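Colleague:
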Amino acid sequence: MFEKIKFNQFETFSELVHAISPRYFRNDQGKTEEFFFLGNDKNGEKNYHVKRFLESIGITNKPLYFVNQVHGDKIYILDDADLTSNEVVKFSADALLTHIPGKPIGVFTADCLPILIYDPRLKVIGAIHAGRRGSEQSILLKVVREMNRVYESRPEELIVGFGPAIGGCCYEVEDDCVQPFKNMLPDEANWFRTGLPGKYFLNLVAVNKIEGEKAGLLPENIFSIDQCTCCSAQNLYSYRREGKTGRILTTIMLRP
Ligand SMILES: [Zn+2]
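Plus 166 on top of the position in the sequence shown (first one is 1) and you've got my numbering.
#1: Going by alpha carbons, who is nearest to G329 out of M167, A185 and Q345?
#2: How about L306 and V290: are their beta carbons less than 9 angstroms apart?
#3: Between the Cα of G272 and the Cα atoms of P422, I414 and R421, which residue gives the shortest distance?
#4: Quick one: residues in its chain with C-beta nearer than 6 angstroms to the C-beta of F257, no 5 flanking neighbours on either side, listed in chain order?
#5: Who sits around ligand 1, taking every residue whose Cβ is closer than 6 angstroms to one of its heavy atoms?
#6: CA-CA distance, A399 and S301?
#7: So, using beta-carbon positions, are R298 and L383 closer together than 9 angstroms?
#8: Measuring only the C-alpha atoms, how far is F203 from T411?
#9: Between the C-alpha atoms of K246 and C278, what's the straight-line distance to the nearest angstrom?
#10: Which residue comes first and which comes last in the alpha helix (DSSP H) that contains L370?
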């Protein structure tokens, strides 16, 4: 339950630091505490916990750069090393990209799919918040296209990691929630399972895998943790299971 989640594939790049937060950590008193990454941070708790988590993966004295996530398809590119994290968070977007070393970027999720993306040739990193609505708007495909447009990344060279999200085992949705995907993926069927009348089980990982391949990613460059947040009460937050709950932080940084 204190175990951070990492992608083996990303670990092979010595220039990268990345991790997905567990639910718990040991505080300075040796007590078990939950990572708390939410809210307006009146008491500085969120800041402290983010700092604490970054330190646990060897990132010290650096703020986390994240955006105001709105379940959309906007992509924020951190290309100005002088911007502060307080300025960046004012941007509403659901993906961040940067080529600047020493800037940890991240997304917060609880059931939505967190995705990390890396261009090992050009040293560009990205973090994506792909929930149902982001996936419906093809956010991963748009990120791959944006990396190509801005950095001239080649889709076939990109490495992609899917973090823990609510799985096809637990993510029951209404008919109207699957309709946009049926329109998007008329020839595919492995991204959902039929439930009771009018109900479906949606598989966000499968949807994004199809989207990623449509964008030109190679199947062998797509890695998935394949862990369902809703099935993992011991170590992960899940909005579906708990309602009001915490968030999982998925972060990546190019070493300075
Ligand atoms: Zn599950």
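Positions of the beta carbon are idealized from the N, C-alpha and C atoms, including for glycine.
Since the model is a prediction, treat every value here as computed from it, not as a measurement.
Modeller: Short version:
#1: For this step, residue 329 is matched to residue 163 along the sequence shown. Here the closest residue by C-alpha is A185.
#2: Within the sequence shown, residue 306 is the residue found at index 140, counting from 1. Within the sequence shown, residue 290 is the residue found at index 124, counting from 1. No. Outside cutoff.
#3: By 1-based counting over the sequence shown, the position of residue 272 is 106. Checking every option, the nearest Cα to that of G272 belongs to I414.
#4: Along the sequence shown, one-based indexing puts residue 257 at 91. Excluding positions up to five away in sequence, the list reads V233 and Y242.
#5: G333, C335, C336, C394, C396 and C397
#6: On the sequence shown, residue 399 is found 233 positions in, with the first residue counted as 1. On the sequence shown, residue 301 is found 135 positions in, with the first residue counted as 1. One C-alpha to the other measures close to 24 angstroms.
#7: Here residue 298 is taken as the residue at index 132 of the sequence shown, counted from 1. Here residue 383 is taken as the residue at index 217 of the sequence shown, counted from 1. No, the Cβ-Cβ distance between R298 and L383 is not below 9 angstroms.
#8: Here residue 203 corresponds to residue number 37 of the sequence shown, with the count starting at 1. Here residue 411 corresponds to residue number 245 of the sequence shown, with the count starting at 1. Each residue's alpha carbon lies about 10 angstroms from the other.
#9: As a position in the sequence shown, residue 246 is number 80, starting the count at 1. As a position in the sequence shown, residue 278 is number 112, starting the count at 1. Inspection of the sequence shows that residue 246 is occupied by Asp rather than by Lys. For D246 and C278, the distance between alpha carbons rounds to 28 angstroms.
#10: Stepping through the sequence shown from its first residue, residue 370 is reached at position 204. Start and end: L370 to K380.
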